[in-house]
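Residue numbers (this note's numbering): 51 to 191.
This is the structure in C-alpha coordinates:
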(Lines of atoms letter the chains of each structure in order from A; the text may use other names.)
(Lines give C-alpha, C1' and ligand atoms only; values in the text may rest on other atoms or scores of the structure.)
Protein backbone atom coordinates (compact mmCIF):
# COMPACT_ATOMS: atom_id res chain seq x y z
CA UNK A 51 0.00 0.00 0.00
CA UNK A 52 1.38 3.35 -0.92
CA UNK A 53 2.80 5.24 2.02
CA UNK A 54 1.81 8.71 0.80
CA UNK A 55 -1.65 7.61 -0.27
CA UNK A 56 -4.01 7.68 2.68
CA UNK A 57 -6.54 5.45 0.92
CA UNK A 58 -4.19 2.48 1.09
CA UNK A 59 -4.25 1.43 -2.56
CA UNK A 60 -1.69 -1.15 -3.62
CA UNK A 61 1.48 -0.08 -5.41
CA UNK A 62 2.27 -2.02 -8.58
CA UNK A 63 5.11 -3.88 -6.83
CA UNK A 64 2.93 -4.81 -3.86
CA UNK A 65 0.05 -5.91 -6.07
CA UNK A 66 2.44 -8.07 -8.10
CA UNK A 67 3.11 -10.00 -4.88
CA UNK A 68 -0.51 -10.16 -3.67
CA UNK A 69 -2.31 -10.89 -6.97
CA UNK A 70 -1.04 -14.47 -7.50
CA UNK A 71 -1.76 -15.30 -3.85
CA UNK A 72 -5.31 -13.96 -4.09
CA UNK A 73 -5.91 -15.65 -7.45
CA UNK A 74 -4.84 -18.97 -5.96
CA UNK A 75 -7.39 -18.89 -3.13
CA UNK A 76 -10.32 -16.91 -4.53
CA UNK A 77 -13.45 -18.83 -5.54
CA UNK A 78 -14.18 -19.16 -9.23
CA UNK A 79 -17.61 -17.96 -10.23
CA UNK A 80 -19.50 -17.38 -13.44
CA UNK A 81 -18.05 -13.89 -13.77
CA UNK A 82 -14.67 -12.70 -12.48
CA UNK A 83 -14.76 -9.97 -9.82
CA UNK A 84 -14.82 -6.42 -11.16
CA UNK A 85 -11.66 -4.43 -10.25
CA UNK A 86 -10.43 -6.90 -7.63
CA UNK A 87 -7.35 -4.80 -6.80
CA UNK A 88 -9.44 -1.80 -5.79
CA UNK A 89 -11.96 -3.90 -3.86
CA UNK A 90 -9.26 -5.72 -1.87
CA UNK A 91 -7.64 -2.34 -1.12
CA UNK A 92 -11.01 -1.10 0.18
CA UNK A 93 -11.40 -4.15 2.43
CA UNK A 94 -7.87 -3.75 3.78
CA UNK A 95 -8.42 0.01 4.29
CA UNK A 96 -11.61 -0.63 6.24
CA UNK A 97 -9.96 -3.17 8.55
CA UNK A 98 -6.78 -1.13 9.01
CA UNK A 99 -8.76 1.95 10.04
CA UNK A 100 -11.53 0.25 12.01
CA UNK A 101 -14.08 2.24 10.05
CA UNK A 102 -17.60 1.37 9.04
CA UNK A 103 -18.18 0.05 5.53
CA UNK A 104 -19.89 3.26 4.44
CA UNK A 105 -16.77 5.24 5.41
CA UNK A 106 -14.62 3.66 2.69
CA UNK A 107 -13.22 6.46 0.46
CA UNK A 108 -15.03 6.84 -2.86
CA UNK A 109 -11.82 6.28 -4.86
CA UNK A 110 -11.75 2.71 -3.53
CA UNK A 111 -15.08 1.95 -5.16
CA UNK A 112 -18.56 1.38 -3.82
CA UNK A 113 -18.57 0.43 -0.14
CA UNK A 114 -21.25 -2.21 -0.68
CA UNK A 115 -19.08 -4.02 -3.24
CA UNK A 116 -16.23 -4.35 -0.72
CA UNK A 117 -18.63 -5.42 2.05
CA UNK A 118 -20.31 -7.97 -0.19
CA UNK A 119 -16.99 -9.50 -1.28
CA UNK A 120 -15.68 -9.59 2.29
CA UNK A 121 -18.80 -11.34 3.63
CA UNK A 122 -18.98 -13.81 0.75
CA UNK A 123 -15.31 -14.73 1.10
CA UNK A 124 -15.62 -14.96 4.90
CA UNK A 125 -18.40 -17.53 4.58
CA UNK A 126 -16.33 -19.52 2.08
CA UNK A 127 -13.16 -19.44 4.22
CA UNK A 128 -11.11 -17.56 1.61
CA UNK A 129 -9.47 -15.21 4.13
CA UNK A 130 -8.23 -18.15 6.22
CA UNK A 131 -6.76 -19.80 3.12
CA UNK A 132 -5.13 -16.53 2.05
CA UNK A 133 -3.53 -16.01 5.47
CA UNK A 134 -2.22 -19.59 5.49
CA UNK A 135 -0.79 -19.12 1.99
CA UNK A 136 0.87 -15.80 2.90
CA UNK A 137 2.37 -17.32 6.04
CA UNK A 138 3.63 -20.27 4.01
CA UNK A 139 5.16 -17.98 1.36
CA UNK A 140 6.49 -15.17 3.55
CA UNK A 141 7.07 -16.91 6.88
CA UNK A 142 4.85 -16.92 9.96
CA UNK A 143 6.59 -14.02 11.70
CA UNK A 144 6.49 -11.68 8.69
CA UNK A 145 4.91 -8.41 9.78
CA UNK A 146 3.46 -9.76 13.01
CA UNK A 147 2.97 -7.47 15.98
CA UNK A 148 1.77 -8.48 19.41
CA UNK A 149 0.16 -6.12 21.88
CA UNK A 150 -0.36 -6.72 25.56
CA UNK A 151 -4.08 -6.25 26.12
CA UNK A 152 -3.60 -4.98 29.67
CA UNK A 153 -2.15 -1.74 28.28
CA UNK A 154 -5.07 -1.01 25.98
CA UNK A 155 -8.25 0.43 27.38
CA UNK A 156 -11.53 0.10 25.57
CA UNK A 157 -13.97 2.96 25.29
CA UNK A 158 -16.77 2.74 27.85
CA UNK A 159 -19.21 2.14 24.99
CA UNK A 160 -17.14 -0.71 23.55
CA UNK A 161 -19.36 -3.43 25.04
CA UNK A 162 -21.71 -4.94 22.52
CA UNK A 163 -23.08 -8.03 20.91
CA UNK A 164 -20.72 -10.67 19.60
CA UNK A 165 -20.29 -10.91 15.84
CA UNK A 166 -21.12 -14.11 14.03
CA UNK A 167 -18.30 -16.68 13.95
CA UNK A 168 -17.06 -16.54 10.33
CA UNK A 169 -17.25 -12.75 10.10
CA UNK A 170 -15.45 -12.17 13.42
CA UNK A 171 -12.63 -14.58 12.54
CA UNK A 172 -12.32 -13.22 8.99
CA UNK A 173 -12.25 -9.64 10.25
CA UNK A 174 -9.27 -10.46 12.44
CA UNK A 175 -7.55 -12.26 9.58
CA UNK A 176 -8.07 -9.36 7.17
CA UNK A 177 -6.63 -6.93 9.76
CA UNK A 178 -3.53 -9.12 9.85
CA UNK A 179 -3.38 -9.31 6.03
CA UNK A 180 -3.72 -5.51 5.79
CA UNK A 181 -0.80 -5.12 8.21
CA UNK A 182 1.23 -7.51 6.06
CA UNK A 183 0.40 -5.51 2.93
CA UNK A 184 1.45 -2.28 4.64
CA UNK A 185 4.71 -3.88 5.81
CA UNK A 186 5.41 -5.14 2.29
CA UNK A 187 4.82 -1.68 0.84
CA UNK A 188 7.22 -0.09 3.32
CA UNK A 189 9.89 -2.68 2.47
CA UNK A 190 9.59 -2.09 -1.28
CA UNK A 191 9.65 1.72 -0.96
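C-beta: ideal position from N, C-alpha, C; glycine also.
query: Quick one: is residue 128 near chain D, going by C-beta distance under 9 angstroms?
result: Within the model displayed, chain D is absent; a lone protein chain is all it includes.
message: Let me make sure I understand the geometry here. Which of 62, 99 and 179 has the alpha-carbon closest to that of residue 49?
response: Nothing can be reported for residue 49: it is not among the residues displayed for the chain, which extend from 51 to 191.
task: Work out the CA separation of residue 107 and residue 54 for me, nearest whole Å.
output: Because residue 54 carries a pLDDT of 40, less than 50, the predicted location of this residue cannot be relied on, and the following value inherits that uncertainty. Straight-line measurement puts the Cα of residue 107 at about 15 angstroms from the Cα of residue 54.
Chain-order list of residues whose beta-carbon lies under 7 angstroms from that of residue 97 (same chain, five-residue window excluded): These residues qualify, in order along the chain: 173, 176, 177 and 180.
message: Let me confirm a value: residue 66 is counted as buried when at least 16 other C-beta atoms fall within 10 Å, else exposed. Which label applies?
response: Counting C-beta atoms within 10 angstroms of its own C-beta, residue 66 has fewer than 16 neighbours from the protein chains shown and is therefore classed as exposed.
query: Counting Cβ pairs closer than 8 angstroms, one from the segment 84 to 92 and one from the segment 122 to 138, do we hit at least three?
result: Taking a cut-off of 8 angstroms on C-beta distances, the segment 84 to 92 does not touch the segment 122 to 138, as fewer than three cross pairs fall below it.
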